[in-house]
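Engineer:
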Amino acid sequence: MNLNLTRRRFIKGVIASGAAATTTGVWVAANGAARPAGAVERMIRININGQVRTVDVAPQETLASTLRYKLGLTGTKLGCNRGECGACTVLVDDVSTYACSVLTHSVKNGRIETVEGLESADGTLHPVQQAFIEELAPQCGYCTPGQIMAAVGLLRENPNPTREEARQGLSGNICRCGSYDSYLDGVMRAAQIG
Amino acid sequence: MAYMHIGKDFVPPDVNGKVTGRIKYAEDYTREGMVYARLLTSPIPHARVVNIDASEALAMDGVFGLLTADDVYPDGEPQSTGLKVLTNEPTLVGEPILALAAIDEKTAETAISKISVTFERLPFVLDPLDSLAEGGPDAYNGGNTYVFRQGFASEKWSADQVASFRAGNEPTAEPQQTFAYGDLDAALAESAFVYESTFTTAGYPHQSMEPRSAMAYWENGKLYLHGTSQSLSALADGMASIVGVPQEDFVFINEATGGGFGQRARANSIPSMAIPAKMSQKINRPVMMRITRDEETAIGGARQGFQGWIKCGFKADGTMAAADLYIISDNGGKGGGGDAYSAADCISILYQTEAVRFRGTSIGSNTGHRGAQRGPGQNQIAAIIAPILDKAAEELGIDRLKIRQINTPQNGDIGGASRTPFTSAYMPEALKMGAEQFNLEERMARSRKRNGSKVTGIGIGQGYHNAGRSGMDGIVRLTADGRLKVHNGVGNLGTYSYASTSRAAAEVLQMPWERVDIVTGRTDRHLPITSPQDGSNSIFTNTRTNYGAAMDLLGKMKEIAAMELGGDAADYDFGDERVFKAAAPSEGMTFAEIAQKGIALGGKFTGEAELPEELNDFTKISVSRLAGDALMGIYHDAPHNNNPPGFTVTFTEIEMDVETGKYDIVEMVTIGDCGTVVHPQGLKNQLVGGAVWGIGLTGYERHLYDPQNGLPASTGYWQSKIPTMMDTPAKIKTGWVDLPDPENPVGARGIGEPAMGAVAAALASAISDSLEGHLFNAAPVTADMIINHVAGVTSEAVPLAQNNFRG
Numbered sequence: 005m006n007l008n009l010t011r012r013r014f015i016k017g018v019i020a021s022g023a024a025a026t027t028t029g030v031w032v033a034a035n036g037a038a039r040p041a042g043a044v045e046r047m048i049r050i051n052i053n054g055q056v057r058t059v060d061v062a063p064q065e066t067l068a069s070t071l072r073y074k075l076g077l078t079g080t081k082l083g084c085n086r087g088e089c090g091a092c093t094v095l096v097d098d099v100s101t102y103a104c105s106v107l108t109h110s111v112k113n114g115r116i117e118t119v120e121g122l123e124s125a126d127g128t129l130h131p132v133q134q135a136f137i138e139e140l141a142p143q144c145g146y147c148t149p150g151q152i153m154a155a156v157g158l159l160r161e162n163p164n165p166t167r168e169e170a171r172q173g174l175s176g177n178i179c180r181c182g183s184y185d186s187y188l189d190g191v192m193r194a195a196q197i198g
Numbered sequence: 169m170a171y172m173h174i175g176k177d178f179v180p181p182d183v184n185g186k187v188t189g190r191i192k193y194a195e196d197y198t199r200e201g202m203v204y205a206r207l208l209t210s211p212i213p214h215a216r217v218v219n220i221d222a223s224e225a226l227a228m229d230g231v232f233g234l235l236t237a238d239d240v241y242p243d244g245e246p247q248s249t250g251l252k253v254l255t256n257e258p259t260l261v262g263e264p265i266l267a268l269a270a271i272d273e274k275t276a277e278t279a280i281s282k283i284s285v286t287f288e289r290l291p292f293v294l295d296p297l298d299s300l301a302e303g304g305p306d307a308y309n310g311g312n313t314y315v316f317r318q319g320f321a322s323e324k325w326s327a328d329q330v331a332s333f334r335a336g337n338e339p340t341a342e343p344q345q346t347f348a349y350g351d352l353d354a355a356l357a358e359s360a361f362v363y364e365s366t367f368t369t370a371g372y373p374h375q376s377m378e379p380r381s382a383m384a385y386w387e388n389g390k391l392y393l394h395g396t397s398q399s400l401s402a403l404a405d406g407m408a409s410i411v412g413v414p415q416e417d418f419v420f421i422n423e424a425t426g427g428g429f430g431q432r433a434r435a436n437s438i439p440s441m442a443i444p445a446k447m448s449q450k451i452n453r454p455v456m457m458r459i460t461r462d463e464e465t466a467i468g469g470a471r472q473g474f475q476g477w478i479k480c481g482f483k484a485d486g487t488m489a490a491a492d493l494y495i496i497s498d499n500g501g502k503g504g505g506g507d508a509y510s511a512a513d514c515i516s517i518l519y520q521t522e523a524v525r526f527r528g529t530s531i532g533s534n535t536g537h538r539g540a541q542r543g544p545g546q547n548q549i550a551a552i553i554a555p556i557l558d559k560a561a562e563e564l565g566i567d568r569l570k571i572r573q574i575n576t577p578q579n580g581d582i583g584g585a586s587r588t589p590f591t592s593a594y595m596p597e598a599l600k601m602g603a604e605q606f607n608l609e610e611r612m613a614r615s616r617k618r619n620g621s622k623v624t625g626i627g628i629g630q631g632y633h634n635a636g637r638s639g640m641d642g643i644v645r646l647t648a649d650g651r652l653k654v655h656n657g658v659g660n661l662g663t664y665s666y667a668s669t670s671r672a673a674a675e676v677l678q679m680p681w682e683r684v685d686i687v688t689g690r691t692d693r694h695l696p697i698t699s700p701q702d703g704s705n706s707i708f709t710n711t712r713t714n715y716g717a718a719m720d721l722l723g724k725m726k727e728i729a730a731m732e733l734g735g736d737a738a739d740y741d742f743g744d745e746r747v748f749k750a751a752a753p754s755e756g757m758t759f760a761e762i763a764q765k766g767i768a769l770g771g772k773f774t775g776e777a778e779l780p781e782e783l784n785d786f787t788k789i790s791v792s793r794l795a796g797d798a799l800m801g802i803y804h805d806a807p808h809n810n811n812p813p814g815f816t817v818t819f820t821e822i823e824m825d826v827e828t829g830k831y832d833i834v835e836m837v838t839i840g841d842c843g844t845v846v847h848p849q850g851l852k853n854q855l856v857g858g859a860v861w862g863i864g865l866t867g868y869e870r871h872l873y874d875p876q877n878g879l880p881a882s883t884g885y886w887q888s889k890i891p892t893m894m895d896t897p898a899k900i901k902t903g904w905v906d907l908p909d910p911e912n913p914v915g916a917r918g919i920g921e922p923a924m925g926a927v928a929a930a931l932a933s934a935i936s937d938s939l940e941g942h943l944f945n946a947a948p949v950t951a952d953m954i955i956n957h958v959a960g961v962t963s964e965a966v967p968l969a970q971n972n973f974r975g
């Protein structure tokens, strides 16, 4: 998890758009229904899961909000909406990123991947998804898409991690059910499946 | 016994949706014309709403309506503890005062900022002992405690009594609640070692990953509520009543739930879901109410903290002769629970204590809402008692495993306040198995050995929870195509119990799993009432109901075969989806043919007549709507008397850095005794998940409040410090005894809650061991406490402090 990078991007983006996301108004900032004067171009084309999508994005809108509420990609979950839990983890140019803590405009030129994009057109699951099923890694499942995207990002960078490296790689993703052991089993199996 | 399904892994039908993101939680739904509700919550810990002026907000474009406590409770708010839907009498920061619905959340937030709420500030209190002291503030309007069926009351001790307790002495005031058995004085007199101390355990929030968002709409007089729940039909049963809609006109939709841990089990623990329902009714539009992490932390529930005193006596042979407990439990701003009683009950059961006395009093504080959290009471006390057992072993010169074996519950034992026999108990086998897998003897040789700043600590822990309700119902159907439909009202919490308990029905009929459909996810699929999925109940309770319903179905199938082919039902056997004459297997009918015949016959065969008299009302509605279209098996599970326990044992080795107070968990082995294993992967998940929770209880989690203003400092995951992957071992080894319980048709008992207790206990035991047997008498034991101890600094600024830093 490149947390510092995404937080820095987020803050810079907020400053640029003249908006501020407060704790209490976090949904407001995220949904960005308002149209601040002097805002950047709202209609953008963004590459998500290999498809270029055209979407109306407010200047202060987070990527999580765009994905969930504009594009209907509800696989990306919001647990805290403030960079604590990792449930919203997606890949931006192969780097696992908290989608709640990055502005959509700041990654509009990037290649974004969500959990919905992992499955092949013929229904074949990604090795991480398949391994997570075989190990029954999810419990409640709410953190699972984030865990999967973090695991996919890790395995692209390090296809054969040690268990300790996998632990480090997924350490930015909280699981309140405590299924960490099973998630690590899943990552190690996924590395074997390749 | 060789089973077709029981004890075998399978892929629960919802897992694919979880790994692809396709499964929907409440907030993932949308509806044409949906508007958004936002909450105005109390900014102060204790107040009374004097006036609400929303005129400016309601005049705004895009605002559709306001909902206040006056709308929800036109006859006045119920004068009881427990969360209200909305309130004019907030007793904690973050309690919902009103909701406003608007075209979008921006507009709703802006409108809420224009609402003027006049509060009358009332005195607040964060520490129950401060409230107990004569002249101390009361958390509630009308007192500082709630007496069941009597109402609010004010419980006060003299300042000297509180000071004496804080100083480490046995409380002298009359308790609210007691139980006792055995001759305590005689047992203490017989004891060769007596340990006495005050202790504290912290309260802390549940922090389920999914905030309790909900969406509701009304259609043709029916309420449709997309919500979150541990217990699908059991929660729906109560939620209809909270909203004020007949059960027949209420549809609860809950395909998946992002964690619960006790505070989504019943409607009264999550009444906020009624807000979008009532708002939608008022403004005639679908309403989505998203809940933030701050809001979830405030109203999402929290464990009760303890301020206690304990005295334990051990005979020279290691037998725990006496346990005497006095516990003040923190009821928080709303709610409460029976944690303290359960804690004493747990000691009685886990250590077969010869004489026990429990005294307890529950006191409110203006902190987060309290309610049952995974192993309520049993798991807090597990972390306190384990180091005491180690101390007794050391003083009496007994091996640390041996002292646990001496006191362990086993088959034929009784236990607890009610002195109830166990249905079965295999704790001795679990201790033996765990010690072997952990290689205890070899590891014990490293106990307290120092290498630089690192000291090895070895810990042993045990966990318990009673896990087996009855009185619930089962419905199964055989459709004309010969498929088995198991209607299951257990919520999809992540335990996969909704699926694993369904396999009991498939087992009865020897149905291939691919020919079985689990009917669940929304109540208009017509589900039976089930036990709330709390208290580790699902496996024991709902395998009984599903097994019973399948047996009823099988009886009817044989009866139909006999009607068609001659002879008596008793003459028939079954297999390979056929019912046939035992004496002439070629003469028979397929399951599909029998179902078709049953549908043609109707009456009792299809749920139209001769229903079990005791069937619950919720189930009766479901049966009436299903009647006629399939051959139906229906069952009401009669009450059982004995206690089906869930037991766990954990062994752990830690490496404590005495310079930083941080430790690594080098090895952890945790073993379950939960009867016959129904679903090995599901059991493993409960054991490792419980382990993470146990590590959190003993090592990290706590409520923190600003003492000046009563504002919560722990409003999210990080501040309340739930364990991450880096706080837990890279591998947790698991195992199970796997011996059948005689009071369950497939031999199963529950496990979810004790899975946590044994780990909490083992970690506390290991921390103590790494520090030369020092007893903190507290949970959590945080790094600062450890450093202070090593440095010889008294770590408690205020002894027995609750909801605050200890040092």
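Protein chains in written order, with the working numbering: chain A, 5 to 198; chain B, 169 to 975. Heads up, the beta-carbon is just placed ideally off N, CA and C, and yes, glycines get one too.
#1: Is the Cβ of A/Pro149 closer than 8 Å to any Cβ of chain B?
#2: Within 8 Å (strictly less), CB to CB, does A/Val119 reach chain B?
#3: Quick check for students: name the residue ranges of the beta strand (DSSP E) that lie wholly in the segment 59 to 103 of chain A, counting only runs of 3 or more.
#4: Rounded to a whole number of angstroms, what is the C-alpha to C-alpha distance between B/Leu968 and B/Ile271?
#5: Could I get the ranges of all uninterrupted beta strand (DSSP E) runs contained in the segment 736 to 781 of chain B, with 3 residues as the minimum, in chain order?
#6: Can you pull out the residues from the segment 158 to 191 of chain A whose beta carbon lies closer than 7 Å to at least one beta carbon of chain B?
#7: State yes or no: is the beta carbon of B/Lys176 nearer than 8 Å to at least one beta carbon in chain A?
#8: What three-state label does DSSP hand B/Asp641 in the structure shown?
#9: Enumerate in chain order the residues of its own chain whose CB-to-CB distance from B/Asn660 is below 8 Å, with the five nearest sequence positions on each side excluded.
#10: Could you pull out every residue in the same chain whose Cβ sits closer than 6 Å to the Cβ of B/Ala673, ignoring the five residues on either side in sequence?
#11: By the 9 Å beta-carbon criterion, what residues does the segment 182 to 208 of chain B contribute toward chain A?
#12: Quick check: is the beta carbon of B/Trp681 nearer than 8 Å to any beta carbon in chain A?
#13: What are the start and end residues of the beta strand (DSSP E) that includes B/Met953?
#14: What separation, rounded to the nearest whole angstrom, lies between the Cα atoms of A/Ala25 and B/Met894?
#15: Please name the residue in B/His804, B/Tyr632, B/Ile566 whose C-alpha comes closest to that of B/Ala551.
#16: Taking a contact to mean a Cβ-Cβ separation below 8 Å, would you say A/Gly182 touches B/Ala859 in this structure?
#17: Considering only the beta carbon of each residue, do B/Arg216 and B/Glu288 sit closer than 8 Å?
#18: Note the first and the last residue of the continuous beta strand (DSSP E) segment covering B/Cys480.
#19: Look up B/Gly543 in the DSSP assignment and give the residues it is bridged to.
#20: Within 10 angstroms of its Cβ, does A/Gln196 collect 16 or more other Cβ (buried), or is it exposed?
#21: Can you pull the chain B residues whose beta carbon is under 8 Å from the beta carbon of A/Thr93, in chain order?
#22: So for B/Ala215, helix, strand or coil by DSSP?
#23: Tell me which residues of the segment 878 to 908 of chain B have at least one Cβ-Cβ distance to chain A shorter than 7 Å, keeping chain order.
#24: Which residue wins for smallest C-alpha separation from B/Met837, given the options B/Ala930, B/Thr787, B/Ala881?
#25: Give, in chain order, every residue of the segment 848 to 866 of chain B whose Cβ lies closer than 8 Å to some Cβ of chain A.
#26: Starting from B/Ser586, follow the beta strand (DSSP E) in both directions and report where the run begins and ends.
#27: Short of 6 Å in beta carbon distance, which residues of its chain neighbour B/Gly915, apart from the five on each side in sequence? Order them along the chain.
#28: DSSP state of A/Ala25, grouped into three classes?
#29: Nearest-angstrom Cα distance between B/Glu781 and B/His804?
#30: Evaluate the contact criterion for the segment 446 to 459 of chain B versus the segment 194 to 201 of chain B: three or more CB pairs, one atom per stretch, below 8 Å.
#31: Per the DSSP calculation, B/Leu646 is bridged to which residue(s)?
#32: Compare the C-beta of A/Arg49 with all C-beta atoms of chain E and state if any pair is closer than 8 Å.
#33: Please determine if the segment 247 to 265 of chain B and the segment 208 to 223 of chain B are in contact, where contact requires at least 3 C-beta pairs separated by less than 8 Å.
#34: Chain A partners of B/Gln375, CB-CB under 8 Å?
#35: For a test of the three-state rule: what should DSSP assign to B/Phe606, helix, strand or coil?
#36: Using a Cβ-Cβ distance cut-off of 8 Å, determine whether A/Gly79 contacts chain B.
Structural biologist: According to the data block:
#1: At least one beta carbon of chain B lies nearer than 8 Å to the beta carbon of A/Pro149.
#2: Interface flag for A/Val119 against chain B is set, since a Cβ pair is found closer than 8 Å.
#3: Taken in chain order, the unbroken stretches of beta strand (DSSP E) that lie wholly in the segment 59 to 103 of chain A and span 3 residues or more are 93 to 96, 99 to 102.
#4: Spanning the alpha carbons of B/Leu968 and B/Ile271 requires a straight line of approximately 49 Å.
#5: Listed in chain order, the complete beta strand (DSSP E) runs (minimum 3 residues) inside the segment 736 to 781 of chain B are 740 to 743, 746 to 749, 752 to 758.
#6: Contacts with chain B (Cβ-Cβ distance below 7 Å) from the segment 158 to 191 of chain A involve Arg167, Glu168, Arg171, Leu174, Ser175, Ile178, Arg180, Cys181, Gly182, Ser183, Tyr184, Asp185, Ser186, Leu188, listed in chain order.
#7: Not one chain A Cβ lies under 8 Å of B/Lys176.
#8: Correct three-state label for B/Asp641: strand.
#9: If we look at B/Asn660 and ignore the five residues flanking it on each side, its Cβ neighbours are Asp182, Leu400, Asn422, Glu423, Ala424, Thr425, Tyr666, Thr688, Gly689.
#10: Excluding residues within five positions, the ones whose Cβ falls inside 6 Å are Val644, Val654, Asn714, Ala718.
#11: Here the close residues are Asp182, Val183, Asn184, Gly185, Lys186, Val187, Thr188, Gly189, Arg190, Ile191, Lys192, Tyr193, Glu195, Asp196, Tyr197, Thr198, Tyr204, Arg206.
#12: No, no contact with chain A.
#13: First-last for B/Met953: 951 to 959, but that is the alpha helix (DSSP H), not the beta strand (DSSP E).
#14: Note that A/Ala25 scores a pLDDT of 35, beneath 50, so its modelled location is shaky; the value from the coordinates is reported in the next line. Approximately 29 Å, taken between the alpha carbons.
#15: Per the C-alpha coordinates, the member of B/His804, B/Tyr632, B/Ile566 positioned closest to B/Ala551 is B/Tyr632.
#16: Note that the C-beta distance between A/Gly182 and B/Ala859 is below 8 Å.
#17: Yes, the Cβ-Cβ distance between B/Arg216 and B/Glu288 is below 8 Å.
#18: 474 to 482 is the span of the beta strand (DSSP E), which, as asked, contains B/Cys480.
#19: Per DSSP, B/Gly543 has no beta bridge partner at all.
#20: Looking at its Cβ environment, which holds fewer than 16 other Cβ atoms inside 10 Å, A/Gln196 is exposed.
#21: By Cβ distance, chain B contributes nothing, its closest Cβ being about 12 Å from A/Thr93, past 8 Å.
#22: It is a strand residue.
#23: If the cut-off is 7 Å between Cβ atoms, the segment 878 to 908 of chain B has Gly884, Tyr885, Trp886, Ile890, Thr892, Met893, Met894, Thr896, Ala898, Lys899, Ile900 near chain A.
#24: One detail in the question is off: residue 837 of chain B reads as Val in this sequence, not Met. When only C-alpha atoms are compared, the closest one is B/Ala930.
#25: If you check each beta-carbon in the segment 848 to 866 of chain B against every beta-carbon of chain A, the ones closer than 8 Å belong to Gln849, Gly850, Lys852, Asn853, Val856, Gly857, Gly858, Ala859, Val860, Trp861.
#26: For B/Ser586, there is no enclosing beta strand (DSSP E), as DSSP marks it with neither H nor E.
#27: Only Gly843, Thr844, Pro908, Asp909 meet the Cβ criterion.
#28: Note that A/Ala25 scores a pLDDT of 35, beneath 50, so its modelled location is shaky; the value from the coordinates is reported in the next line. Three-state DSSP puts A/Ala25 in coil, outside helix and strand.
#29: Linking B/Glu781 to B/His804 through their CA atoms gives a straight-line distance of about 9 Å.
#30: Contact between the segment 446 to 459 of chain B and the segment 194 to 201 of chain B is present: three or more C-beta pairs spanning the two stretches fall below 8 Å.
#31: The bridge partners DSSP lists for B/Leu646 are B/Leu652, B/Leu799.
#32: Here chain E cannot be found, since the structure's protein chains are A and B.
#33: The answer is yes - the segment 208 to 223 of chain B touches the segment 247 to 265 of chain B, with three or more Cβ pairs under 8 Å.
#34: The answer, in chain order, is Arg180.
#35: If DSSP states are grouped into helix, strand and coil, B/Phe606 belongs with the helices.
#36: So yes, A/Gly79 belongs to the interface.
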